[in-house]
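The structure appears right after this line, and notes come after that.
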Amino acid sequence: MRKLVFGMNVTLDGYIAATGDDIGWGGPPSDELFGWWLDRERAIEVSLYGRRLWEAMSSSWPTRDQQPDATPAEIAYARNWRDTPKVVFSSTLDEVGWNSRLVTGDAVAEITRLRAEDGGPMGIAGATLASSAVRAGLVDEYVLVTHPVLVGGGTPFFTALDSWVGLDLVETRTFPGGVVLTRYQTRR
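In the working numbering, each number is its position in the sequence shown, counted from 1, plus 224.
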């Protein structure tokens with residue numbers, strides 16, 4: 225059975241995007257944090273995206289390594305992003321590219337099916353898609369990279385739940401700028 229990991233950058237007050245879908249609050253990551261995200265992405269065998277995050281990622285990463293100002297880490301990230309199989313969940317998109325396939329039906333059913341397969345970990349990102357997996361009890365690990373900023377509203381990392389979810393702390397780490405990584409495993 226595959227492990228499902230939900231990880232994103234988050235504000236101290238728990239938002240992945242401020243009001244108006246603004247994600248500029250994080251600023252550019254330190255080289256150390258960017259390297260950590262790259263290592264994490266390399267460990268993921270399948271990436272699951274909702275439409276909005278898919279559109280954001282696919283607008284820059286497929287060709288970032290070809291830009292003259294791309295750093296070595298960005299080049300590595302772009303190449304890994306292209307090579308990693310992706311599943312995009314959307315009822316409004318007609319097609320996706322870049323080593324991806326589109327699912328227009330029941331996201332929870334498809335994630336459950338994928339999770340039951342043999343293989344390495346899957347990463348899920350995007351608040352709306354992840355909230356469905358969280359409520360269905362499918363997330364095995366939560367990764368919060370918390371930035372020292374309060375935005376007061378927007379898109380929350382966590383969704384409203386029907387019942388409590390017990391978690392065990394797996395890792396904490398501090399990055400430059402007061403950014404703190406916390407990783408939790410779901411108690412089963």
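The C-beta atom is built at its ideal place from N, Cα and C for all residues, glycine as well. Computed from a predicted structure; not experimentally measured.
Taking R276 as the centre and dropping the five residues before and after it, the same chain places the C-beta of G350 closer than 7 Å to its C-beta, in chain order. In the DSSP annotation of this structure, the continuous segment of the alpha helix (DSSP H) that includes E256 starts and ends at D255 to A267. As DSSP reads the structure, F313 sits in a beta bridge with G274 and V327. Take the alpha-carbon of A354 and the one of G377: they are about 18 Å apart. The beta carbon of I268 sits closer than 6 Å to those of P345 and G347, all from its chain and outside the five residues before and after it, given in chain order. Look at M232 here: in three-state DSSP terms it is strand. Taking each of T295, W322, G274 and Y301 in turn and checking the Cα distance to G329, the smallest one comes out for G274. The region 334–342 makes no contact with the region 286–298: fewer than 3 CB pairs, one atom from each, lie closer than 8 Å.
Ranking T316, M232 and F381 by CA distance to the CA of R264 puts M232 first. Annotated three-state conformation of M225 is coil, per DSSP. Boundaries of the beta strand (DSSP E) around T406: V403 to T410. For I240, the CB contacts under 6 Å within the same chain, skipping 5 residues up- and downstream, are M232, V234, A351, T379 and F381 in chain order.
Assigned with DSSP and collapsed to three states, A360 falls in coil, not helix or strand. Taking a contact to require three or more Cβ pairs closer than 8 Å, the region 251–266 and the region 301–310 qualify as touching. At a Cβ-Cβ threshold of 8 Å, V363 and A242 do not count as neighbours. Using a Cβ-Cβ distance cut-off of 8 Å, the region 314–332 and the region 252–261 are not in contact, since fewer than three pairs of beta carbons, one from each stretch, lie closer than that value. Within the DSSP secondary-structure output, F399 pairs in a beta bridge with V403. Taking the CA atoms as reference points, S315 sits about 33 Å from T406. Excluding its 5 nearest sequence neighbours in each direction, L368 has C-beta neighbours in its own chain below 6 Å: V234 and T406, listed in chain order. Within the DSSP secondary-structure output, A241 pairs in a beta bridge with T379.
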